[in-house]
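Asks: Numbering (the numbering used here), first residue to last: 44 to 269. Don't be surprised by glycine CBs; every beta carbon is placed ideally from N, CA and C. In this text the structure is predicted, and so the values were computed from the model without any measurement. Just dropping this structure here.
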Amino acid sequence: MKTLFKTILTALVFLSLNTFAQESMIDDVNYAMLDKYIQSAKENFPRKKVFEGNVERAKSVASAANISYLDILSASYIYRPDNKTAVNTLNPYNLNGFQFGANINIGQFLQKPAMAKKAKTELKIAQLENEEYESTLTMEVKRRYYNYIRLLNDLKIKTQNVQDNVSAVEDLKNRYEKGTAQLEAYNYARSKAADASSSKIQAEADYLLAKDSLEEIIGKKLTEVK
Numbered sequence: 044m045k046t047l048f049k050t051i052l053t054a055l056v057f058l059s060l061n062t063f064a065q066e067s068m069i070d071d072v073n074y075a076m077l078d079k080y081i082q083s084a085k086e087n088f089p090r091k092k093v094f095e096g097n098v099e100r101a102k103s104v105a106s107a108a109n110i111s112y113l114d115i116l117s118a119s120y121i122y123r124p125d126n127k128t129a130v131n132t133l134n135p136y137n138l139n140g141f142q143f144g145a146n147i148n149i150g151q152f153l154q155k156p157a158m159a160k161k162a163k164t165e166l167k168i169a170q171l172e173n174e175e176y177e178s179t180l181t182m183e184v185k186r187r188y189y190n191y192i193r194l195l196n197d198l199k200i201k202t203q204n205v206q207d208n209v210s211a212v213e214d215l216k217n218r219y220e221k222g223t224a225q226l227e228a229y230n231y232a233r234s235k236a237a238d239a240s241s242s243k244i245q246a247e248a249d250y251l252l253a254k255d256s257l258e259e260i261i262g263k264k265l266t267e268v269k
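This is the structure:
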C-alpha cells in the first residue's frame with residue numbers, strides 16, 4: 044500500500060510538472076496585433092492627446108510670433124481732393140490729400156527676435172515631450188500586453204492542472220471504492236485538486252485585471268481592434 048501511495052503522489056507531481064513544462068508564452072505573442080494596440084493607444088489615450096495639444100498650441104504661438112513683427116508698424120493717410128491745397132491755410136496742422144505715415148516702435152522691434160526664438164524653443168520642447176511620451180506609452184502598452192499574455196498562459200496552465208487533478212481524484216476514488224487505494228492517497232488527491240481550483244480562480248482574476256489594464260490604455264475592447 045505504501046508503495047502504491049508513493050506511486051500516486053509521484054504521478055500527481057509529474058502531472059503538475061509536465062503541465063508547466065509544456066507551456067510557453069513566446070509563441071502566443073502576436074507582434075502585428077501588438078503594433079495595432081500601440082497605434083490605438085496613441086490615438087485614444089487621453090494623456091497622449093494632452094501632449095499633442097501642447098504641440099499644436101506651441102505651433103500657434105510660434106506662427107503668431109512670426110507675423111507679430113507687423114505689430115511694431117502703424118500707418119495712416121489723409122484724403123485730399125484735387126481742388127484743395129496740401130496745407131490747410133486756416134489750420135496749418137491739418138493736411139489735405141493722401142498722406143502716408145509710418146511709425147516703428149523701437150522697443151517692440153528689439154523684443155521681437157527674442158520672442159520669436161522663445162516661441163520656437165517652446166515648440167521644440169513640446170515636440171520633444173510628445174516624442175518622449177510616445178516612447179513611454181509604447182513601452183507601457185508592450186508591458187501590459189506581455190503581462191496579459193503571461194497571465195493568459197498562466198490561466199491555461201492552471202486550468203489544465205485542475206483538469207488533471209480532477210482526473211486523478213476520480214481515478215483514486217474508483218480505486219478507493221474497490222479497495223485498491225488508501226484513504227490517505229484519496230484525501231491527498233482531493234486536497235491537491237482543491238488547491239488547484241483555488242489557484243485557477245486567482246489566475247482568472249489576475250487575467251481579467253490584465254485584460255482590463257490593456258484595454259484601458261488602448262482605449263478599446265481587445266475584440267474591437269482589427
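Our contact map puts Ser178 next to Val205 with C-beta atoms below 8 Å; I'd like the distance itself, whole angstroms only.
Replies: Taking the first residue of the sequence shown as 1, we reach residue 178 at position 135. Taking the first residue of the sequence shown as 1, we reach residue 205 at position 162. The Cβ separation is near 41 Å, so there is no contact.
Asks: Please classify Met68: does DSSP put it in a helix, a strand, or coil?
Replies: Counted from its first residue, the sequence shown places residue 68 at position 25. DSSP places Met68 in coil when its eight states are reduced to three.
Asks: Below 8 Å, can you find three or more Cβ-Cβ pairs linking the region 213 to 220 to the region 167 to 183?
Replies: No, the region 213 to 220 is not in contact with the region 167 to 183.
Asks: Among the residues of its own chain, which have a CB less than 7 Å from the CB of Thr223, if the five just before and after it don't count?
Replies: As a position in the sequence shown, residue 223 is number 180, starting the count at 1. Answer for Thr223: no residue qualifies.
Asks: Report the rounded CA-to-CA distance for Leu251 versus Arg187, giving the unit in angstroms.
Replies: Within the sequence shown, residue 251 is the residue found at index 208, counting from 1. Within the sequence shown, residue 187 is the residue found at index 144, counting from 1. For Leu251 and Arg187, the distance between alpha carbons rounds to 12 Å.
Asks: Does the distance from the CB of Lys91 to the CB of Ala101 come in under 8 Å?
Replies: As a working note, residue 91 is residue 48 in the sequence shown. As a working note, residue 101 is residue 58 in the sequence shown. Cβ distance not < 8 Å, so Lys91 and Ala101 don't count as in contact.
Asks: If you draw a straight line from the C-alpha of Ser210 to the C-alpha of Leu180, how long is it?
Replies: What you label residue 210 is simply residue 167 of the sequence shown in a count that begins at 1. What you label residue 180 is simply residue 137 of the sequence shown in a count that begins at 1. About 45 Å.
Asks: Quick check: Met76 and Asn196, are their CB atoms within less than 8 Å of each other?
Replies: In the sequence shown, counting from the first residue as 1, residue 76 sits at position 33. In the sequence shown, counting from the first residue as 1, residue 196 sits at position 153. Cβ distance not < 8 Å, so Met76 and Asn196 don't count as in contact.
Asks: Helix, strand or coil: how does DSSP classify Gln225 here?
Replies: Within the sequence shown, numbered from 1, the residue matching residue 225 stands at position 182. Three-state result, Gln225: coil.
Asks: Classify Lys264 as helix, strand or coil using the three-state DSSP reduction.
Replies: By one-based count along the sequence shown, residue 264 stands at place 221. Coil, per DSSP.
Asks: Where do the N-terminal and C-terminal ends of the alpha helix (DSSP H) with Lys79 fall, by residue?
Replies: Numbered from its first residue, the sequence shown carries residue 79 at position 36. Residues Tyr74 to Asn87.
Asks: Roughly how many whole angstroms lie between the Cα atoms of Lys269 and Lys79?
Replies: Position 226 of the sequence shown holds residue 269. Position 36 of the sequence shown holds residue 79. So the two alpha carbons sit approximately 8 Å from each other.
Asks: Going by alpha carbons, who is nearest to Glu174 out of Glu220, Glu95, Lys221 and Gln203?
Replies: For the purposes of this step, residue 174 is taken as the residue at position 131 of the sequence shown. Ranking the options by Cα distance to Glu174, first place goes to Glu95.
Asks: Cβ of Val184 within 8 Å of Cβ of Ile261?
Replies: Within the sequence shown, residue 184 is the residue found at index 141, counting from 1. Within the sequence shown, residue 261 is the residue found at index 218, counting from 1. Yes, they are a contact pair.
Asks: Measure the alpha-carbon distance for Glu258 versus Lys264 and round it to whole angstroms.
Replies: What you label residue 258 is simply residue 215 of the sequence shown in a count that begins at 1. What you label residue 264 is simply residue 221 of the sequence shown in a count that begins at 1. So the alpha carbons of these two residues sit roughly 5 Å apart.
Asks: Apply the 10 Å Cβ neighbour rule to Leu226 and answer buried if 16 or more other Cβ atoms are within range, or exposed otherwise.
Replies: In the sequence shown, the residue the question calls residue 226 occupies position 183. Label assigned to Leu226: exposed.
Asks: If you draw a straight line from the C-alpha of Ala232 to the C-alpha of Asp207, how long is it?
Replies: For the purposes of this step, residue 232 is identified with residue 189 of the sequence shown, where counting begins at 1. For the purposes of this step, residue 207 is identified with residue 164 of the sequence shown, where counting begins at 1. Distance between the alpha carbons of Ala232 and Asp207 is about 11 Å.
Asks: Can you find the residues in the same chain that come closer than 6 Å, C-beta to C-beta, to Asp71, ignoring five residues on each side of it along the sequence?
Replies: Position 28 of the sequence shown, counted from the first residue, corresponds to residue 71. Hits under 6 Å: Ile192.
Asks: Where does Lys167 fall in DSSP's three states?
Replies: Within the sequence shown, the letter at position 124 stands for residue 167. Helix, per DSSP.
Asks: If I measure Cβ to Cβ from Tyr229 and keep anything under 6 Å in the same chain, skipping five residues before and after, which residues do I get?
Replies: One-based indexing of the sequence shown puts residue 229 at position 186. Counting only Cβ-Cβ distances below 6 Å, and skipping sequence neighbours, we find Leu215 and Tyr219.
Asks: Between Ile81 and the rest of its own chain, which residues show a CB-CB distance below 6 Å, the 5 nearest in sequence each way excluded?
Replies: The residue labelled residue 81 in the question sits at position 38 within the sequence shown. Closer than 6 Å at the Cβ level, and outside the excluded window around Ile81, lie Thr181 and Val184.
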